[in-house]
């Protein structure tokens with residue numbers, strides 16, 4: 018773990034000397050080609066965060082027809098100037114100090130296990146990935162996409178590299194050497210929890226529900242492969258192509274990677290407005306238009322799925338109220354069904370207003386972990402999760418995102434994601450679902466397989 022006092026001093030120097038950024042805007046002839054080349058170029062750095070909303074033409078009834086909360090189509094941040102890496106102890110307070118002193122763009126992640134900082138909880142399950150509990154960095158180089166325009170922001174200490182970098186990004190031969198990385202051709206996915214054991218664990222959860230310990234819990238299981246090598250960027254690109262999600266992420270932290278096709282926003286701050294968009298309720302899709310529409314309507318009317326969603330909406334409302342101006346917490350949409358490439362999802366939108374004096378990190382701390390990945394009541398659900406799941410969640414069901422210099426932020430929920438430790442050659446993805454009193458174990462298991470389909474397809478066809 019890095020010495021935080023040292024980072025603090027470096028950040029102060031950054032404010033005085035290096036913080037101001039040189040900005041350029043360029044109109045792109047072929048945005049998708051430039052983005053592809055840019056991602057290949059970015060692989061030379063140890064610190065990379067790529068966020069892509071996969072903007073497409075608006076389709077009525079699609080999740081993308083609600084673009085009011087979107088700032089950028091895509092963002093790339095690379096090359097740490099300063100950073101913070103820590104375990105869960107006092108993690109949010111350390112992040113608060115780092116973010117406020119840096120007063121610049123910072124990108125990174127919060128793992129699920131920061132629950133141990135917020136509450137008196139522990140994480141003792143198997144961890145094959147070994148991601149730090151919290152990691153953020155201040156990028157030297159930043160690319161912001163909107164439409165056919167890219168805004169480039171470089172810290173003054175490296176702004177003499179802009180032209181050279183643009184030439185390197187356009188050098189297709191050099192960039193495409195990244196595609197030749199060695200990979201394992203025989204990846205076979207293993208189950209951490211087998212089917213019969215999964216049913217037994219669901220029965221235990223149902224016992225807790227019927228006894229009144231909890232109303233709902235998000236129970237997850239890991240799928241993994243050991244001693245296998247993948248090409249992280251190519252794997253991400255295939256996963257993104259299959260899923261086309263609105264909160265896609267490629268993250269590199271030294272030898273550790275997140276390749277995410279997340280459909281879910283955790284939390285966004287714009288000015289004094291806070292937005293949460295929890296997902297609860299899933300149905301498969303069909304290539305037959307009439308059948309697909311029927312599946313969508315069945316999801317909308319499904320009492321079990323609606324009750325899942327409403328319980329989490331109530332939890333989010335309660336969490337947001339901890340920092341909200343009194344009376345400002347409102348539900349903008351309740352249980353609306355949106356269509357994604359592979360599944361229909363039931364999504365609600367909850368908003369609140371905060372006073373200018375509220376620290377942005379406190380908004381995250383008082384709502385973390387997100388209710389859609391825990392259950393209700395939250396603390397009881399997290400205790401049951403720790404007792405019954407076989408692996409430490411780590412970055413799975415955590416969040417990736419960024420703070421802007423003014424304190425605004427945007428974070429996704431890390432689901433539908435592949436995690437990879439390159440040094441240990443360990444590949445992992447997890448899926449889960451909300452268990453309520455109306456849950457049928459076989460249907461819950463089948464829902465997990467639907468959610469896991471894209472990750473498995475990408476890895477086993479590596």
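Numbering (our numbering), first residue to last: 18 to 479.
Here a beta-carbon is modelled for each residue, glycine too, at the ideal position from N, C-alpha and C.
1. Report the rounded CA-to-CA distance for residue 238 versus residue 39, giving the unit in angstroms.
2. Pop quiz: residue 158 and residue 66 are said to be a contact at Cβ under 8 Å. What is the actual Cβ separation, rounded to whole angstroms?
3. By Cβ distance below 8 Å, which residues in the same chain neighbour residue 204 in space, the five residues on each side in sequence not counted?
4. Taking buried to mean at least 16 other C-beta atoms within 10 Å of its own C-beta, is residue 433 buried or exposed?
5. By how many angstroms is the C-alpha of residue 285 removed from the C-alpha of residue 293?
6. Could you have a look at residue 375 and say whether DSSP puts it in helix, strand or coil?
7. Quick one: Cα of residue 130 to Cα of residue 417, how far?
8. Evaluate residue 298 with the Cβ neighbour count: other Cβ atoms within 10 Å of its Cβ, from every protein chain shown; 16 or more gives buried, anything less gives exposed.
9. Counting pairs of beta carbons, one from the stretch 256–263 and one from the stretch 409–425, are three or more of them closer than 8 Å?
10. Roughly how far, in whole angstroms, is the beta-carbon of residue 186 from the beta-carbon of residue 54, given that I think they are within contact range, below 8 Å?
11. What do you reckon, are the CB atoms on residue 166 and residue 44 nearer than 8 Å?
12. Does the separation of the CB atoms of residue 336 and residue 391 fall below 8 Å?
13. Buried or exposed: which applies to residue 374, given that a residue is buried once 16 or more other Cβ atoms fall within 10 Å of its Cβ?
14. Go to residue 342, then tell me how far its beta strand (DSSP E) extends in each direction, as first and last residue.
15. State the start and end residues of the unbroken beta strand (DSSP E) segment that holds residue 276.
16. Tell whether a beta-carbon distance below 8 Å holds between residue 151 and residue 103.
17. Identify whether residue 413 lies in helix, strand or coil by the three-state DSSP scheme.
18. Count the other CB atoms within 10 Å of the CB of residue 272; is the residue buried (16 or more) or exposed (fewer)?
The relevant details are as follows:
1. 45 Å
2. That pair is no contact at about 11 Å.
3. 242, 245, 247, 444, 476, 477, 479
4. Buried, since its Cβ has 16 or more Cβ neighbours within 10 Å.
5. 7 Å
6. coil
7. 14 Å
8. buried
9. no
10. 5 Å
11. yes
12. For residue 336 and residue 391, no; Cβs fall outside 8 Å.
13. exposed
14. Careful: residue 342 lies outside any beta strand (DSSP E) and carries neither H nor E.
15. 273–279
16. For residue 151 and residue 103, yes; Cβs fall inside 8 Å.
17. The answer is coil: DSSP assigns residue 413 none of H, G, I, E or B.
18. exposed
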